[in-house]
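What follows is a single structure, written as structure tokens, with notes after it.
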Amino acid sequence: MTEKASEPGQDGTTLELPSDREILITRSFDAPARIVFEAFTRPEHVRRWWAPRSRGEMLQCDIDFRVGGAWRFLMRARGGFEVGFSGVFLEIEAPHRVVQTENFDPFPDSPSTVTVLLAERAGTTTLTSRSLYPSKEIRDQVIASGMESGMRESMLQLTELVELLRNGQ
Amino acid sequence: MLASLTAIAEPNRLRIIELLRGGPQPVGEISEQLGIRQPQVSKHLRVLREAGWVDVEAVAQQRRYELRSAPFLELQTWLEDYRHLWAARFDEMSALVEELKQKEKKGRERNDRKSK
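Protein chains in written order, with the working numbering: chain A, 6 to 174; chain B, 6 to 121.
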């Protein structure tokens, strides 16, 4: 099923679904961990990469980077719709580990937990991000949020489907 | 896509899909292996057929159910879109990391000159 890993592309980004409720993303950077950590956590940097130019524009990028501090990212995708996530930082161990909650806007009361690890070896840093969702439906909906704008309609339908599933129909 | 997902959201239908990954099976066999009554299995198979997950093939006197590849490919594409989003993010982050590295290097060189 969807549990199978997708092949790493030439870009070196891998995506795996280790279980029904998880997403695991991996990427290596040719830089020490402290620089990757800075790029990954500082708002002035995050606003440059979280909404890739090919996909949309960043409308909001707030990061209160301390344990208990809140964050919120909002992107307007090319199709015109908005994709928003927010959460709270649970653990911060610079420059190797960040644990945070993440709420996808359509499911404000169902936080997932995201653990980001940076492992440095011989000047290269491997970033792994493991997200654990409260249910398979929410995980699948987050995956659908990455769809190209043309898929917007089916994403809306998927939202309706998830509502039905949640209500046990 | 929507129809495919709705169809396999039901746990027993997902079990049928898992079972058929091992190869085509007649309805009686599916019923026995999963411990679900045959009329129920037939109902599930009808839903799966309508959603495009399975096809039926007639072999001799038997009707066997088998998986179709199309919805699996759709799921793969769906997943691949999400991977592309992160690949695009990390490409931009990689360019940024390179800038930060250069900036740090220049800063170090400036400090070295100062200390001399």
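Ideal Cβ placement from N, Cα and C applies to all residues, glycine included.
Partners in chain B for residue i, counting only beta-carbon separations shorter than 8 Å
{"i": "H101 of chain A", "result": "Here the premise fails: no neighbours, minimum Cβ distance about 16 Å."}
{"i": "P57 of chain A", "result": "L90, A93, R94, D96 and E97"}
{"i": "I40 of chain A", "result": "V102, L105, K106 and E109"}
{"i": "E43 of chain A", "result": "L105"}
Simplified DSSP assignment, three categories, for residue i
{"i": "D110 of chain A", "result": "coil"}
{"i": "A38 of chain A", "result": "helix"}
{"i": "R51 of chain B", "result": "helix"}
{"i": "T129 of chain A", "result": "strand"}
{"i": "V72 of chain A", "result": "coil"}
{"i": "L105 of chain B", "result": "helix"}
{"i": "S115 of chain A", "result": "coil"}
{"i": "E8 of chain A", "result": "Caution applies to E8 of chain A, whose pLDDT of 41 falls short of 50 and renders its modelled position unreliable; the value that the coordinates give is listed next. E8 of chain A falls in the coil class under three-state DSSP."}
{"i": "L84 of chain B", "result": "helix"}
{"i": "F203 of chain B", "result": "The structure shown does not extend to residue 203 of chain B, since chain B is modelled only from 6 through 121, so no value can be given for it."}
{"i": "L90 of chain B", "result": "helix"}
{"i": "D67 of chain A", "result": "strand"}
{"i": "A100 of chain B", "result": "helix"}
{"i": "F94 of chain A", "result": "strand"}
{"i": "L10 of chain B", "result": "helix"}
{"i": "S24 of chain A", "result": "coil"}
{"i": "Q174 of chain A", "result": "Because Q174 of chain A sits at a pLDDT of 44, beneath the cut-off of 50, its placement in the model cannot be relied upon, and the following sentence gives the value as read from the coordinates. Three-state DSSP puts Q174 of chain A in coil, outside helix and strand."}
{"i": "S136 of chain A", "result": "strand"}
{"i": "A99 of chain A", "result": "coil"}
{"i": "R115 of chain B", "result": "helix"}
{"i": "G33 of chain B", "result": "helix"}
Partner residues on chain B for residue i, Cβ-Cβ distance less than 9 Å
{"i": "L123 of chain A", "result": "In chain order: nothing, as chain B lies at least about 11 Å away."}
Range covered by the beta strand (DSSP E) that runs through residue i
{"i": "F78 of chain A", "result": "A75 to A82"}
{"i": "R42 of chain B", "result": "Run containing R42 of chain B: none; DSSP gives neither H nor E here."}
{"i": "Y70 of chain B", "result": "Q67 to L72"}
{"i": "A63 of chain B", "result": "V59 to V64"}
Chain-ordered neighbours of residue i on chain A, where CB pairs are closer than 7 Å
{"i": "Y87 of chain B", "result": "L20, I148 and G151"}
Cβ neighbour criterion (16 or more within 10 Å) applied to residue i
{"i": "R113 of chain B", "result": "exposed"}
{"i": "L90 of chain B", "result": "buried"}
{"i": "Q43 of chain B", "result": "exposed"}
{"i": "L78 of chain B", "result": "exposed"}
{"i": "Q67 of chain B", "result": "exposed"}
{"i": "S117 of chain A", "result": "buried"}
{"i": "A38 of chain A", "result": "buried"}
{"i": "D117 of chain B", "result": "exposed"}
{"i": "Q105 of chain A", "result": "buried"}
{"i": "Q107 of chain B", "result": "exposed"}
{"i": "G61 of chain A", "result": "buried"}
{"i": "F42 of chain A", "result": "buried"}
{"i": "F70 of chain A", "result": "exposed"}
{"i": "R58 of chain A", "result": "exposed"}
{"i": "V88 of chain A", "result": "buried"}
{"i": "T82 of chain B", "result": "exposed"}
Residue i: contacting residues in chain B (beta-carbon distance under 7 Å)
{"i": "A36 of chain A", "result": "V102 and K106"}
{"i": "W54 of chain A", "result": "R94, E97, M98 and L101"}
{"i": "I68 of chain A", "result": "By Cβ distance, chain B contributes nothing, its closest Cβ being about 15 Å from I68 of chain A, past 7 Å."}
{"i": "I30 of chain A", "result": "W91"}
{"i": "R60 of chain A", "result": "L90 and A93"}
Among the options, the one whose alpha carbon lies nearest that of residue i
{"i": "L72 of chain B", "options": "B:W83, B:R51 and B:S99", "result": "B:R51"}
{"i": "E15 of chain B", "options": "B:P29, B:K110, B:Q30 and B:V46", "result": "B:V46"}
{"i": "F109 of chain A", "options": "A:G74, A:G17, A:M80 and A:F70", "result": "A:M80"}
{"i": "I22 of chain B", "options": "B:G40, B:R94, B:K110 and B:H49", "result": "B:H49"}
{"i": "F86 of chain A", "options": "A:T106, A:D114 and A:L64", "result": "A:L64"}
{"i": "Q146 of chain A", "options": "A:T129, A:T106, A:T19 and A:I28", "result": "A:I28"}
{"i": "R52 of chain A", "options": "A:R77, A:E98 and A:H101", "result": "A:R77"}
{"i": "A4 of chain B", "options": "B:I13, B:P31, B:S74 and B:R54", "result": "Nothing about residue 4 of chain B can be reported from this structure: the residues present for chain B run from 6 to 121 only."}
{"i": "N133 of chain B", "options": "B:L80, B:V102, B:R94 and B:S36", "result": "Outside the displayed span of chain B (6 to 121) sits residue 133 of chain B, for which this structure offers no information."}
Residue i: CB within 8 Å of a non-hydrogen atom of the ligand ZN
{"i": "V93 of chain A", "result": "This structure simply doesn't include the ligand ZN, nor any ligand for that matter."}
Residue i: first and last residue of the uninterrupted alpha helix (DSSP H) it sits in
{"i": "L19 of chain B", "result": "P16 to L25"}
{"i": "D145 of chain A", "result": "K141 to A149"}
{"i": "H50 of chain A", "result": "P48 to W54"}
Contact with chain C by residue i, beta-carbon distance below 9 Å
{"i": "D145 of chain A", "result": "This model lacks chain C altogether, as its protein chains are A and B."}
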